[in-house]
Structures are given as C-alpha cells and as structure tokens.
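There are 2 protein chains.
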Amino acid sequence: MAIKLFIVDDHFMVIEGIHSLLQNENDIEWMGHAGNAASCLAFLHQQKPDVILMDVNLPDKSGIDLCKEVKERYPGIFIVGLSTYNQQSFIEKMMSNGASGYVIKNATQQELMEAIHTVVKGKQFLSFDAAVALRKPDTGHGMPVITRREKEVLELIADGMTNNEIAGKLFISSTTVDTHRKNLLTKFEAKNTASLIRIAAQLKII
Amino acid sequence: MAIKLFIVDDHFMVIEGIHSLLQNENDIEWMGHAGNAASCLAFLHQQKPDVILMDVNLPDKSGIDLCKEVKERYPGIFIVGLSTYNQQSFIEKMMSNGASGYVIKNATQQELMEAIHTVVKGKQFLSFDAAVALRKPDTGHGMPVITRREKEVLELIADGMTNNEIAGKLFISSTTVDTHRKNLLTKFEAKNTASLIRIAAQLKII
DNA sequence: CGGCTTATCCCTTAAAAACAGGATATTTTT
DNA sequence: AAAAATATCCTGTTTTTAAGGGATAAGCCG
Numbered sequence: 004m005a006i007k008l009f010i011v012d013d014h015f016m017v018i019e020g021i022h023s024l025l026q027n028e029n030d031i032e033w034m035g036h037a038g039n040a041a042s043c044l045a046f047l048h049q050q051k052p053d054v055i056l057m058d059v060n061l062p063d064k065s066g067i068d069l070c071k072e073v074k075e076r077y078p079g080i081f082i083v084g085l086s087t088y089n090q091q092s093f094i095e096k097m098m099s100n101g102a103s104g105y106v107i108k109n110a111t112q113q114e115l116m117e118a119i120h121t122v123v124k125g126k127q128f129l130s131f132d133a134a135v136a137l138r139k140p141d142t143g144h145g146m147p148v149i150t151r152r153e154k155e156v157l158e159l160i161a162d163g164m165t166n167n168e169i170a171g172k173l174f175i176s177s178t179t180v181d182t183h184r185k186n187l188l189t190k191f192e193a194k195n196t197a198s199l200i201r202i203a204a205q206l207k208i209i
Numbered sequence: 004m005a006i007k008l009f010i011v012d013d014h015f016m017v018i019e020g021i022h023s024l025l026q027n028e029n030d031i032e033w034m035g036h037a038g039n040a041a042s043c044l045a046f047l048h049q050q051k052p053d054v055i056l057m058d059v060n061l062p063d064k065s066g067i068d069l070c071k072e073v074k075e076r077y078p079g080i081f082i083v084g085l086s087t088y089n090q091q092s093f094i095e096k097m098m099s100n101g102a103s104g105y106v107i108k109n110a111t112q113q114e115l116m117e118a119i120h121t122v123v124k125g126k127q128f129l130s131f132d133a134a135v136a137l138r139k140p141d142t143g144h145g146m147p148v149i150t151r152r153e154k155e156v157l158e159l160i161a162d163g164m165t166n167n168e169i170a171g172k173l174f175i176s177s178t179t180v181d182t183h184r185k186n187l188l189t190k191f192e193a194k195n196t197a198s199l200i201r202i203a204a205q206l207k208i209i
C-alpha cells in the first residue's frame with residue numbers, strides 16, 4: 004500500500020521541489036500540501052495521511068507547536084521535521100514534541116525517501132546533517148528555552164517599549180515585566196538590555 | 004534565443020523545485036546550479052549565463068557579497084535575489100549591489116518567469132511580497148550613515164558594555180560616549196538602546 | 001580660505017533599568 | 001498527588017540612560 008504523504012511548508016518552491024523529487028516514487032501517494040498551520044489542521048480534519056513533512060517555520064505558528072498539536076490529536080500520523088537550518092535546538096524540540104524524523108532542506112532524494120520509509124515503520128530518522136548537529140556538544144551558545152510570556156516581553160522590549168508600556172499592553176504589573184526581564188537576562192546570559200537584544204537578534208528570536 | 008539560467012542555492016529541494024517549475028518553459032535553458040559561492044564563481048569562469056537566481060544566504064559567503072563580486076566581473080549577467088524572508092534590508096542590499104530583481108521563495112511560477120523575463124531585458128523586478136516589504140515600513144528603514152567612531156561605540160554597546168567601560172576602552176570621556184550614543188539614537192530613529200540594537204542587528208550593522 | 005563634519009568634552013534632571021531580596025497562585029510535568 | 005515550572009506581584013536601593021542644553025579643536029573639501 005502506498006504511503007500517504009502530506010506537506011506543510013510556506014515555500015512554494017520547496018513544495019514543488021519535494022513534489023518533483025517524489026513524483027516517480029510508486030509507493031508514495033501525494034495528498035497535497037498546506038502553506039500554514041491552520042490549513043494543515045483543516046486538512047487533517049478531513050483526511051489522514053501516514054506521514055507529514057512539516058516545516059519548522061510557518062507563518063501562523065511554529066512547526067514545533069503544530070507538531071505537538073497534530074501528534075496529540077492524531078497519534079497515528081508520523082511527522083518528519085523539515086528545516087533550512089540544522090539548529091540543534093529546533094531538532095531537539097521537534098523530536099520531543101513527537102516528530103519521528105528530521106531532514107534538512109538540502110537533503111538528497113535518497114535521504115528524503117529513507118526518512119519517509121523509516122518513520123512510517125515507527126522508527127526514528129535523522130538526516131546526516133541533523134545527526135551531526137545533535138551529536139556535537141552544546142557550544143553554550145544554544146538557544147535558551149524561554150516561555151511564551153517571556154518571548155512576548157522580549158519582543159516588546161525590542162520594540163523600544165518601557166516596562167510601564169509593556170505592563171499596560173499585557174495587562175500585568177510593571178514589576179512582573181521587570182521579573183520577566185530579569186529572567187531573560189539570566190537565560191541569555193546577557194549583561195544588560197543591549198546585549199540581550201543583540202543575542203536574541205542573532206539567534207533570530209526577534 | 005533561450006535565456007541561459009543558472010542557480011546558486013545551497014538547498015537541494017529549492018533547486019529541484021525551481022528546476023521542476025521551469026522544465027516546461029521552452030525559452031529557458033537550464034545551465035545547472037551551484038551550492039555555494041565558490042563553485043558559482045568557478046562555473047562563471049567557464050560559462051556565462053544570462054540570468055542567475057541567487058540565494059541571499061549561502062554557506063561560504065553571503066549572496067549579497069557574491070552579487071557584488073559577480074556584477075563587478077561580469078556586468079552583463081543579470082542577477083535575481085532569492086530569499087526565504089522578505090527582509091527589506093536584504094532586498095535593499097542585494098539591489099544596491101547590482102541585483103536586477105528579488106523573489107521570495109514562496110513566489111509562484113508566474114512570478115518567477117516574469118522576474119526572469121523582466122531582468123533579462125535590463126529592467127528591474129520585485130516580487131509582490133518584496134515590493135510590499137520595501138514600501139511598507141517607509142518610516143526609516145534606510146540605513147543611517149554613521150561615522151567610524153559611532154560604529155565602534157555601537158558595537159561596544161551591543162557587547163553589553165556601559166558608557167564608562169566604553170570610555171575606558173576607547174580612551175575618551177564617558178560623556179563623549181554618551182554623545183555618540185545620543186547621535187546613534189537620533190540617526191537610527193530609535194527610542195532607546197533596546198530598539199537601537201534591534202534595528203542595528205536587523206540591518207546587519209552589528 | 002571658509003564652511004562642514006567629526007570627535008571631543010561638560011552640565012542637569014527625571015525617568016528607566018538593574019539589582020537584591022522576597023511571596024503566592026496556577027499550570028504542567030513527572 | 002507531588003514536584004517543577006511558570007506567571008504573577010511586592011519593596012527597596014543603586015546605577016544608567018534619555019534628552020535638553022552648549023562648547024571647542026581638528027580635519028576635510030570645494
């Protein structure tokens with residue numbers, strides 16, 4: 004029986020690329036694609052693929068969150084993370100949110116096929132680059148784990164808002180904002196706001 | 004005569020996607036692809052395409068630098084920037100380094116074809132998303148002209164140093180550092196240090 | 001030369017942020 | 001159900017920054 008495959012990626016060219024790579028594979032049934040998390044969930048409401056190739060970065064929500072959501076609702080579907088970067092932290096998060104595999108976008112056709120065939124059997128698959136990224140000891144400059152609220156505050160700080168303005172916007176006390184700020188500085192090992200924003204910008208968090 | 008096309012992108016799937024999109028176009032001659040800047044330059048040593056689709060992010064050097072280099076050596080080749088993100092700073096830099104067009108990776112086949120046909124005539128082409136990104140934040144996305152000293156100070160601020168530390172490092176008074184800081188805030192139209200660093204980071208100045 | 005830019009220096013004051021302690025309630029995970 | 005993480009709030013003190021005002025010397029360019 005052919006493996007039913009669905010793709011979530013907001014880049015038309017990537018979808019086209021994967022489609023092209025797989026069109027001659029007899030045991031893959033191309034079910035279609037979604038450009039964002041919402042239409043992916045809408046599709047899954049109607050139909051159930053065996054494997055989803057899921058981009059880590061989506062316009063409406065992160066693939067990491069979507070992965071968790073899909074796995075909770077449809078544990079039978081296997082998910083392969085797909086990313087431009089072999090960021091260790093992304094890989095780790097995807098896998099711990101229920102993904103069965105992870106493939107970098109410069110993977111070869113062979114790797115992609117191997118990934119699909121491996122995860123559909125319930126096993127895990129990491130593409131070569133992803134496995135290398137995971138193995139190398141954390142260089143310390145890994146992305147800190149920050150909470151949703153902390154990220155919100157971080158973005159508002161980067162927008163140049165003061166603690167009081169942020170407090171007003173989020174309907175919380177300014178002392179709370181200050182605490183989040185304190186925690187952000189600790190987590191990013193930043194000395195002050197300036198270095199915090201720089202580090203966050205370099206990690207593409209803002 | 005068919006338009007000779009070459010692609011520089013480190014993502015196999017994107018190359019495959021573009022190849023697939025263009026394989027039925029009779030007036031496009033697919034010359035091949037390079038996965039990094041070095042092999043692109045090596046290829047150009049041998050052959051001369053009419054148009055190059057060039058990813059902004061390459062493993063060995065930025066597409067922005069490569070664009071400049073290629074245009075200096077081969078002014079007759081037209082370059083279309085290619086990127087995952089519609090970052091206005093990227094678009095601006097590519098265009099000012101000699102690119103004739105800019106296309107986001109989620110562009111449609113129509114947009115891509117239009118881009119190639121437009122630039123080969125010597126005209127400019129911006130994909131819809133890129134044009135929107137360029138026009139939207141009209142309020143100060145042009146890169147400010149800063150002096151050497153100001154850039155020095157900016158970098159030290161981003162490193163998390165205080166005015167006094169910077170003063171000590173540069174052998175100047177801390178009030179001077181403060182003045183530079185003041186001027187930076189004015190030039191970047193930033194409200195405070197946080198937004199200053201964010202803007203500078205996004206413009207790749209730090 | 002004369003005007004312009006740059007780099008340097010100084011003052012004041014109010015606001016903001018950093019820092020150092022703490023506490024409590026709600027989720028989430030185990 | 002217990003433990004851990006998260007989000008919320010508090011009271012202080014000290015340091016830093018923002019933003020306003022000005023001033024002088026050196027170098028560059030037409």
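As given, the protein sequences belong to chains A and B, one line each in that order. All letters in the first sequence, in the order written, are residues 4 to 209 by the working numbering. All letters in the second sequence, in the order written, are residues 4 to 209 by the working numbering. Glycine is no exception: its CB is placed at the ideal position from the N, C-alpha and C atoms. Small disclaimer: the values here were computed from a predicted structure and weren't measured.
#### Entry: the stretch 181-197 of chain B contacting the stretch 171-184 of chain A, beta-carbon criterion three pairs below 8 Å
For the pair of segments examined, the stretch 181-197 of chain B was found not to touch the stretch 171-184 of chain A: the number of CB pairs separated by less than 8 Å stays below three.
### Message
Between arginine 76/A and chain B, is the shortest Cβ-Cβ distance under 9 Å, so that the two count as touching?
### Response
No, arginine 76/A lies away from the interface with chain B (no Cβ there is under 9 Å from its Cβ).
### Message
I'd like the ranges of any beta strand (DSSP E) spanning at least 3 consecutive residues and lying wholly in the stretch 12-63 of chain B.
### Response
Runs found: 31-37 and 54-58.
### Task
Measure from the alpha carbon of isoleucine 21/B to the alpha carbon of each residue in Gln112/B, Ile149/B, Gly79/B and Ala203/B, then state which is nearest.
Considering only alpha carbons, the answer is Gln112/B.
### Query
What residues of chain A sit near arginine 184/B, judged by a beta carbon separation below 7 Å?
Under the 7 Å cutoff, chain A gives no residues; its nearest Cβ is about 10 Å from arginine 184/B.
### Message
Are the CB atoms of glutamate 19/B and serine 23/A within a distance shorter than 9 Å?
### Response
In contact: serine 23/A and glutamate 19/B (Cβ atoms closer than 9 Å).
### Message
If contacts are defined as beta-carbon pairs under 8 Å, then alanine 197/A and isoleucine 200/B qualify, I think. What distance do you get, rounded to the angstrom?
### Response
In this structure alanine 197/A is in contact with isoleucine 200/B, their Cβ atoms being roughly 5 Å apart against a cut-off of 8 Å.
### Task
With 9 Å as the threshold, decide whether the Cβ of glutamine 205/B is near any Cβ in chain A.
Yes - at least one Cβ of chain A is within 9 Å of the one on glutamine 205/B.
### Query
Residues in the stretch 50-69 of chain B with C-beta within 7 Å of chain A's C-beta atoms, listed in sequence order?
Cβ contacts with chain A come from no residue of the stretch 50-69 of chain B.
### Query
How do the stretch 7-19 of chain A and the stretch 33-42 of chain A stand: do at least 3 beta-carbon pairs fall below 8 Å, yes or no?
Two segments are said to touch when three or more pairs of C-beta atoms, one from each, lie closer than 8 Å; by this definition the stretch 7-19 of chain A touches the stretch 33-42 of chain A.
### Query
Unbroken beta strand (DSSP E) runs of length 3 or more, entirely within the stretch 93-126 of chain B: which are they?
Runs found: 104-107.
### Query
Which residues share a DSSP beta bridge with isoleucine 67/B?
Isoleucine 67/B pairs with nothing; no bridge assigned.
### Proximal residues of chain B, C-beta to C-beta of serine 198/A below 7 Å
Within chain B, the residues whose beta carbon sits less than 7 Å from that of serine 198/A are Ala161, Asp162 and Gly163, listed in sequence order.
### Task
Could you tell me if asparagine 100/B is buried or exposed, where buried requires 16 or more neighbouring beta carbons within 10 angstroms of its beta carbon?
By the 10 Å Cβ count, asparagine 100/B comes out buried.
### Task
Give the straight-line distance between the Cα atoms of serine 148/B and leucine 61/B, rounded to the nearest whole angstrom.
Residue identity check: residue 148/B is valine in the sequence provided, not serine. The straight-line gap separating the alpha-carbon atoms of valine 148/B and leucine 61/B is approximately 27 Å.
### Message
Looking at the strands, I want to know which residues DSSP matches up with isoleucine 10/B.
### Response
Per the DSSP secondary-structure output, isoleucine 10/B pairs in a beta bridge with His36/B and Leu56/B.
### Task
Could you spell out where the beta strand (DSSP E) holding valine 2/A opens and where it closes?
Coverage of chain A is limited to positions 4 through 209, which leaves residue 2/A absent and any answer about it impossible.
### Task
Give the residues of chain A in contact with threonine 111/B, contact being defined as C-beta atoms less than 8 Å apart.
Neighbours of threonine 111/B on chain A, chain order: Phe15.
### Cα-Cα separation between valine 59/A and valine 106/A, rounded to whole angstroms
Straight-line Cα distance between these residues: approximately 10 Å.
### Nearest-angstrom Cα separation, counted from histidine 120/A out to valine 3/A
Since the first residue of chain A shown is 4 and the last is 209, residue 3/A is not available in this structure.
### Task
Run the CB neighbour count on threonine 142/B, radius 10 Å, all protein chains shown included, and call it buried at 16 or more, exposed below.
Low confidence applies to threonine 142/B: its pLDDT is 40, below 50, so where it sits in the model is not reliable enough to give any reading.
### 9 Å Cβ cutoff, threonine 87/A in contact with chain B
Yes, its Cβ sits closer than 9 Å to a Cβ of chain B.
### Task
Please name the residue or residues paired with phenylalanine 1/A in a DSSP beta bridge.
The structure shown does not extend to residue 1/A, since chain A spans only 4 to 209, so no value can be given for it.
### Query
Between serine 130/B and isoleucine 209/A, what straight-line distance do the alpha-carbon atoms span, to the nearest angstrom?
Between serine 130/B and isoleucine 209/A, the C-alpha separation is close to 24 Å.
### Query
Between the stretch 11-43 of chain A and chain B, which residues of the former have CB atoms less than 8 Å from a CB of the latter, in chain order?
Taken in chain order, the members of the stretch 11-43 of chain A whose beta-carbon sits within less than 8 Å of a beta-carbon on chain B are Asp13, His14, Phe15, Met16, Val17, Ile18, Glu19, Gly20, Ile21, His22, Ser23, Leu24 and Gly38.
### Task
Classify aspartate 181/B as helix, strand or coil using the three-state DSSP reduction.
Looking at aspartate 181/B - three-state DSSP - the assignment turns out to be helix.
### Query
What does isoleucine 149/A touch in chain B if you count any residue whose Cβ is under 7 Å from its own?
Residues of chain B with a Cβ closer than 7 Å to the Cβ of isoleucine 149/A do not exist; the shortest Cβ-Cβ separation is about 16 Å.
### Task
Taking asparagine 195/A as the query, report the chain B residues whose CB atoms sit under 7 Å from its CB, ordered along the chain.
Residues of chain B passing the Cβ test: Gly163.
### Query
Within 9 Å (strictly less), CB to CB, does lysine 190/B reach chain A?
With a threshold of 9 Å between beta carbons, lysine 190/B makes no contact with chain A.
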